[in-house]
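There are 2 protein chains.
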Amino acid sequence: MNLLLLTPEQHLAGARWRLTPRQAQHVLTVLNGVPGQQIRAGLLNGDVGLATIETIKNSEIEVFFKADSQPVSPPGLSLLLALPRPKMLKRLLIDATSLGIKQIVLINSWKVDKSYWQTPNLKADLLREKMLLGLEQARDTVLPTLTLAPRFRPFVEDNLDSWAGNSQRILAHPGDHPPMPHSQTSPTTLAIGPEGGWTDYEVEMLQKQGFSCFSFGSRILRVETALPALVGRLMQLP
Amino acid sequence: MNLLLLTPEQHLAGARWRLTPRQAQHVLTVLNGVPGQQIRAGLLNGDVGLATIETIKNSEIEVFFKADSQPVSPPGLSLLLALPRPKMLKRLLIDATSLGIKQIVLINSWKVDKSYWQTPNLKADLLREKMLLGLEQARDTVLPTLTLAPRFRPFVEDNLDSWAGNSQRILAHPGDHPPMPHSQTSPTTLAIGPEGGWTDYEVEMLQKQGFSCFSFGSRILRVETALPALVGRLMQLP
Chain A
1 MNLLLLTPEQ HLAGARWRLT PRQAQHVLTV LNGVPGQQIR AGLLNGDVGL ATIETIKNSE
61 IEVFFKADSQ PVSPPGLSLL LALPRPKMLK RLLIDATSLG IKQIVLINSW KVDKSYWQTP
121 NLKADLLREK MLLGLEQARD TVLPTLTLAP RFRPFVEDNL DSWAGNSQRI LAHPGDHPPM
181 PHSQTSPTTL AIGPEGGWTD YEVEMLQKQG FSCFSFGSRI LRVETALPAL VGRLMQLP
Chain B
239 MNLLLLTPEQ HLAGARWRLT PRQAQHVLTV LNGVPGQQIR AGLLNGDVGL ATIETIKNSE
299 IEVFFKADSQ PVSPPGLSLL LALPRPKMLK RLLIDATSLG IKQIVLINSW KVDKSYWQTP
359 NLKADLLREK MLLGLEQARD TVLPTLTLAP RFRPFVEDNL DSWAGNSQRI LAHPGDHPPM
419 PHSQTSPTTL AIGPEGGWTD YEVEMLQKQG FSCFSFGSRI LRVETALPAL VGRLMQLP
């Protein structure tokens, strides 16, 4: 936790905020917090600054927050990701959020096991919790917008174009394609398929929506390895 | 498992090899293997090709292996990594190996918890097992050389220069430095510090050995996120 992320339900009055039990635990056990101590903090979807510990009462902590700057700017990358295995979903959301991705769609694909859509991990509050962890990690405050698209074709045909907006649309796909672009600073949308890849039909559907195939080398990487590697390659991280 | 990696102790005679119980389990349950079926395989530190299932006897599988090509060429990246938390070590080794890193040093640092050096995960056979998983993932066969450097200064002063050879020596370090290079095709050595970073003294010691500091943006990333992101950025993956 590199940032105390303060959410509206933690607001007391004026500049006073109450830490969540998890944050208080971290402040007491990892940071050895004492009254007067200052800790990097930020308001959800708002500025970052310093939180000064005001009171510690039986492991309940209240802080005084003063904003001093805006959060780190994001790299301008959106992610269209085939729904991963439930046990990987948590890590991918934390990674994607800590890397600064602000738009995420989890979409179905022929090779996505149907059971993945039944997992309780897809509950909105659990997904939000993972993204908050990613924000705390990267000292960011701006929560990504996360969309679930359990049906591939309707989303791709009816929603994908407006969702991707004016971004360059990139499909990481094995085969004889141009090498993956690098160090982009303009808006970019990256589509990553399931293990086993998109079907030819799915690739065609995405190409119809302006996606182009690029090669990222001939190694077969796990999605959780490929995502940070592709983001690191594609974007100039601010 | 995208490749059946055949190790010397599995060799029977001529072109016949016996699969390990883990490989046999995978072939039977995931690939629904039957005699005559062909599966991508490779010889440890050797060529890749096809393994044809010869016999299946009570979940013991023997195959006939025929090489047809060399493994995917590596990107030419060496990694100097501060010893990570034990629970992350496994993943980092699998990721580093699947990304094609062929030289790895796990080194001590002021901010590495001393207990990390006591973990049983550092036993040679367990480290090797993780790297084999990374090779299977990426369809590679060439096992990285892994060195443990439990004392920072002696290794950096006496061994680092010859270990890094003629490579460009890159230090991922927060601060006002030139942006991280990208798409390198020449030999490169990447140094990644512990959570909390190298100390100033450690940075100076590494700079004396020809390492230069580069910035990778202002986001604080977990080591397990930063490693693939840095490799994806730094190297042109073949």
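Respectively, the protein sequence lines represent chains A and B. Residues in the first sequence are numbered from 1 upward in steps of one, following this note's numbering. Residues in the second sequence are numbered from 239 upward in steps of one, following this note's numbering. Glycine is no exception: its CB is placed at the ideal position from the N, C-alpha and C atoms.
Within a 10 Å sphere around the beta-carbon of E440/B sit 16 or more other beta-carbons, which makes this residue buried. For V231/A, the enclosing alpha helix (DSSP H) starts and ends at 223 to 234. In this structure, T379/B places its C-beta atom within 7 Å of the C-beta atom of G284/B. For the region 259 to 285 of chain B, the beta-carbon criterion of a distance under 9 Å to any beta-carbon of chain A is satisfied by none of its residues. With fewer than 16 other Cβ atoms from the protein chains shown falling within 10 Å of its own Cβ, D68/A counts as exposed. Taking 8 Å as the cut-off between beta carbons, the residues of the region 355 to 375 of chain B near chain A are Q375, in sequence order.
For T463/B and A172/A, the gap between their C-alpha atoms comes out near 19 Å. Within the same chain, and ignoring the five residues on either side of L89/A in sequence, the residues whose Cβ sits closer than 6 Å to its Cβ are N121.
In the structure shown, P417/B falls within a strand segment according to DSSP collapsed to helix, strand and coil.
Within the region 362 to 446 of chain B, the runs of alpha helix (DSSP H) at least 4 residues long that lie entirely inside it are, in chain order, 362 to 376, 398 to 402, 438 to 446. Listed along chain A, no residue sits closer than 9 Å to V380/B by beta-carbon distance, the nearest being about 12 Å off. Fully enclosed alpha helix (DSSP H) runs of no fewer than 4 residues occupy 259 to 267 of the region 254 to 313 of chain B, in order along the chain.
The C-beta distance from R219/A to S424/B rounds to 19 Å, too long to fall under 8 Å, and the pair is not in contact.
For S162/A, the closest Cβ of chain B is not nearer than 7 Å.
For L243/B, there is no enclosing alpha helix (DSSP H); the enclosing beta strand (DSSP E) has its first and last residue at 242 to 244. For the pair of segments examined, the region 260 to 274 of chain B was found not to touch the region 227 to 238 of chain A: the number of CB pairs separated by less than 8 Å stays below three. DSSP, reduced to helix, strand and coil, places S109/A outside both helices and strands of the structure shown, so it counts as coil. The beta carbons of T385/B and V343/B sit closer together than 7 Å. Judged by their CB atoms, F302/B and E292/B are nearer to each other than the 7 Å cut-off.
Residues of chain B with a Cβ closer than 8 Å to the Cβ of L99/A are, in chain order, R457, L459, T463, A467. The Cβ atoms of P416/B and F452/B sit closer than 7 Å to each other. Contact with chain A is found for H420/B, since one of that chain's Cβ atoms lies less than 7 Å from the residue's Cβ. Within chain B, the residues whose beta carbon sits less than 9 Å from that of F216/A are G470, L475, listed in sequence order. For P238/A and S73/A, the gap between their C-alpha atoms comes out near 6 Å. Take G196/A, set aside five residues on each side of it, and the residues of its chain with a beta-carbon closer than 7 Å to its own are K111, in chain order. Using a CB distance cut-off of 7 Å, V72/A counts as an interface residue toward chain B. Around I430/B, the same chain offers L317, L318, L319, A320, A410, V461, A464, L465, L468 as residues with beta carbons nearer than 8 Å, after the five sequence neighbours per side are excluded. The C-beta separation of L3/A from G42/A comes to about 5 Å, placing the pair in contact by the 8 Å criterion.
By the neighbour-count definition (other C-beta atoms within 10 Å, threshold 16), N108/A is a buried residue.
In this structure, the beta-carbon distance from S405/B to Q474/B does not fall below 7 Å. For P75/A and G100/A, the gap between their C-alpha atoms comes out near 6 Å.
Below the 7 Å Cβ cutoff, chain A contributes T225 as neighbours of D333/B, in chain order.
Proximity of R139/A to chain B, defined by a Cβ-Cβ separation below 7 Å, is satisfied. The Cβ neighbour count for D333/B, taken over all protein chains shown within 10 Å, is at least 16; the residue is labelled buried.
Between the alpha carbons of V30/A and L472/B lies a gap of roughly 33 Å.
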